[in-house]
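K.L.:
Residue numbers for the sequence shown follow the numbering used here, so the first one is 2 and each next one is one higher.
This structure is in structure tokens; I'll ask about it shortly.
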Amino acid sequence: MRWDLKENVPVVSPSGEGWVLRNDFWLMSSWEKMRVEEFIQKFFGVKASLGSRFLVAHKMPSWEPGIDYASEIYGEGAKLGLLIHRVDKDAWAVEGTGALASILEGIGAAVNEIRESEAVSRRLKGKKIKIDTGKCADYCLVKAGDYVGFAKKTADNSYKIKDLARKGFRLLGEPAPSSLLNNNIDVLGKMADEAKSFIRKVVEKYGQNNEVPVAYSGGADSTALLSLAVEALGRERVIAVYTDTGMEFPETIAYAESVAARLGVRLVVLKSNYDPISEIRRRGIMSVENRWCTRLLKLEALKKFYREGGYRVYLDGARAYESSLREKTPRLSENPYIKGVTRALPIRDWPRLLVQLYLMWRGIPPNPLYDEGLTRIGCMVCPAMMNYELRLSYARNRSFHEAVMNSAGLSPEEYLSMRWKGR
2 MRWDLKENVP VVSPSGEGWV LRNDFWLMSS WEKMRVEEFI QKFFGVKASL GSRFLVAHKM
62 PSWEPGIDYA SEIYGEGAKL GLLIHRVDKD AWAVEGTGAL ASILEGIGAA VNEIRESEAV
122 SRRLKGKKIK IDTGKCADYC LVKAGDYVGF AKKTADNSYK IKDLARKGFR LLGEPAPSSL
182 LNNNIDVLGK MADEAKSFIR KVVEKYGQNN EVPVAYSGGA DSTALLSLAV EALGRERVIA
242 VYTDTGMEFP ETIAYAESVA ARLGVRLVVL KSNYDPISEI RRRGIMSVEN RWCTRLLKLE
302 ALKKFYREGG YRVYLDGARA YESSLREKTP RLSENPYIKG VTRALPIRDW PRLLVQLYLM
362 WRGIPPNPLY DEGLTRIGCM VCPAMMNYEL RLSYARNRSF HEAVMNSAGL SPEEYLSMRW
422 KGR
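See the structure below:
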């Protein structure tokens with residue numbers, strides 16, 4: 002990915018030009034940008050209005066148990082830092098770069114001067130320094146010569162300099178929404194054409210001349226795939242298959258219905274024969290190690306539907322960028338839980354940013370839950386959720402979560418800290 006400095010927009014670059022982003026990357030939601038704004042206001046006393054600006058998040062692995070969300074932040078033509086969420090404090094923080102420190106100084110943030118020579122200032126990164134704690138809280142901006150940087154308080158009340166950069170970074174011009182699509186339209190068009198060609202070849206290979214099912218969840222990936230399938234095959238040949246596990250966000254069910262109506266496709270809603278609360282009481286709460294919920298509440302209904310309909314292939318929006326497991330999943334393979342039916346992954350190699358751009362291109366609004374801070378927008382309770390997402394979901398659907406918690410025999414502390422163990 003590179004950054005167009007004139008237009009102030011990110012550009013997907015398959016050739017490897019610019020930053021090499023090895024994990025999933027996406028346009029930050031308004032909710033994520035608000036966490037950055039709040040942090041800057043709290044620790045540096047300046048207002049950074051990011052709402053209309055494009056920031057890209059790049060997923061990073063957690064390096065310690067207390068962190069459940071970590072992503073690099075790119076924007077204004079630079080890498081700006083890390084946005085992290087700490088479970089133990091239920092708190093968000095930004096560990097900024099020198100580029101971010103320079104930008105914040107430019108909009109009025111106070112910076113503490115370190116009296117070091119120019120030669121020494123270049124070697125300050127990673128070093129501990131003493132700063133009057135009356136001037137700084139947990140985070141501090143520092144400068145030495147032509148360099149400005151970002152420091153974090155340590156256990157011994159000194160400050161460790163996380164990064165330094167030469168002064169001169171600034172907020173770029175206000176980006177025009179149309180510039181984002183215009184700068185990415187070539188790669189977007191090529192990727193969309195390739196996905197549609199793949200869909201046609203798969204359907205032709207498996208001789209499926211009747212309706213072609215798309216596994217639909219109401220998320221961005223499956224919504225983009227549903228639209229691509231309509232473009233490739235025609236709306237009369239595409240059906241959206243949505244499985245209601247009994248734990249779905251009401252907003253997602255409504256969104257799925259609206260998208261199907263917008264695209265003019267038939268929406269089939271499958272209902273599980275199992276009550277999730279009763280099953281939690283019987284089996285214990287679902288966990289990362291034992292995701293019985295997926296097998297029982299979703300795949301059983303899908304298996305029956307595909308078998309009775311005589312379907313030989315279905316389209317799925319899973320992407321390799323999502324996890325190491327999905328990275329290993331072939332573009333064409335048999336789902337081990339649905340024997341005899343081939344799963345095709347037309348957008349397997351798309352980053353989330355490309356999915357977002359495609360939906361913008363086609364004028365399809367995203368599921369509103371994304372801008373509420375959620376990334377898992379199917380079930381209200383899910384072992385794949387990050388801790389902060391569970392808390393957001395709990396606040397929205399408290400009565401349902403209390404039923405789950407009571408059925409599992411968990412205390413509120415155990416439940417909200419996600420210390421779940423499947424029996």
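Backbone N, C-alpha and C fix where the C-beta goes; we use that ideal spot for every residue, glycine too.
Spell out a yes or no on whether the stretch 377 to 386 and the stretch 399 to 406 are touching, meaning 3 or more CB-CB pairs, one atom from each, closer than 8 Å.
P.N.:
yes
K.L.:
Among Met35, Glu414, Gly99, Tyr70, which one has its Cα closest to the Cα of Gly82?
P.N.:
Looking at the Cα atoms, Gly99 is the closest of the given residues.
K.L.:
What's the C-alpha gap between Ser223 and Val260?
P.N.:
11 Å
K.L.:
Counting C-beta neighbours from all protein chains within 10 Å, is the total for Gln42 16 or more, i.e. buried, or is it exposed?
P.N.:
exposed
K.L.:
Excluding five sequence neighbours on each side, which residues of the same chain lie with their C-beta closer than 6 Å to the C-beta of Tyr160?
P.N.:
Ile130, Ile132, Cys141, Ala152, Lys154
K.L.:
So Ile348 is in the alpha helix (DSSP H); what residue range does that whole segment cover?
P.N.:
Per DSSP, Ile348 belongs to no alpha helix (DSSP H) and is neither H nor E.
K.L.:
Relative to the alpha-carbon of Gly318, which residue among Leu346, Arg377, Val13, Asn158 has its alpha-carbon at the smallest distance?
P.N.:
Of the listed residues, the one whose Cα sits closest to Gly318 is Leu346.
K.L.:
State yes or no: is the beta carbon of Tyr395 nearer than 8 Å to at least one beta carbon in chain E?
P.N.:
Judged by its chain identifiers, the structure shown contains no chain E, having just a single protein chain.
K.L.:
Kindly indicate which three-state DSSP category Pro11 falls into: helix, strand or coil?
P.N.:
strand
K.L.:
Of all the options Leu358, Lys304, Trp362, Asp372, which has the alpha carbon lying nearest to the alpha carbon of Gly341?
P.N.:
Lys304
K.L.:
In this structure, how does DSSP classify Glu96 when only helix, strand and coil are distinguished?
P.N.:
strand
K.L.:
How big is the Cα-Cα spacing for Thr330 and Met29?
P.N.:
27 Å
K.L.:
Leaving out the 5 sequence neighbours to the left and right, which residues in its chain are closer than 6 Å to Ile278 when beta-carbon positions are compared?
P.N.:
Ala404, Ser408
K.L.:
Output the distance between the C-alpha atoms of Asn275 and Cys294, rounded to the nearest integer angstrom.
P.N.:
Asn is not the amino acid found at residue 275; the sequence shown has Tyr there. Their backbone Cα atoms lie some 10 Å apart in a straight line.
K.L.:
Would you report the Cα separation of Glu1 and Leu84, rounded to the nearest angstrom?
P.N.:
Since the first and last residues shown for the chain are 2 and 424, residue 1 lies out of range.
K.L.:
I need the boundaries of the alpha helix (DSSP H) containing Arg308, first residue and last residue.
P.N.:
301 to 310
K.L.:
Quick one: does the C-beta of Gly341 sit closer than 7 Å to a heavy atom of the ligand NAD?
P.N.:
What this structure holds is no ligand at all, so the ligand NAD is not there to describe.
K.L.:
Would you call the stretch 278 to 290 and the stretch 169 to 185 in contact, with 3 or more CB pairs under 8 Å?
P.N.:
no
K.L.:
Is the Cβ-Cβ distance between Pro367 and Leu360 less than 8 Å?
P.N.:
yes
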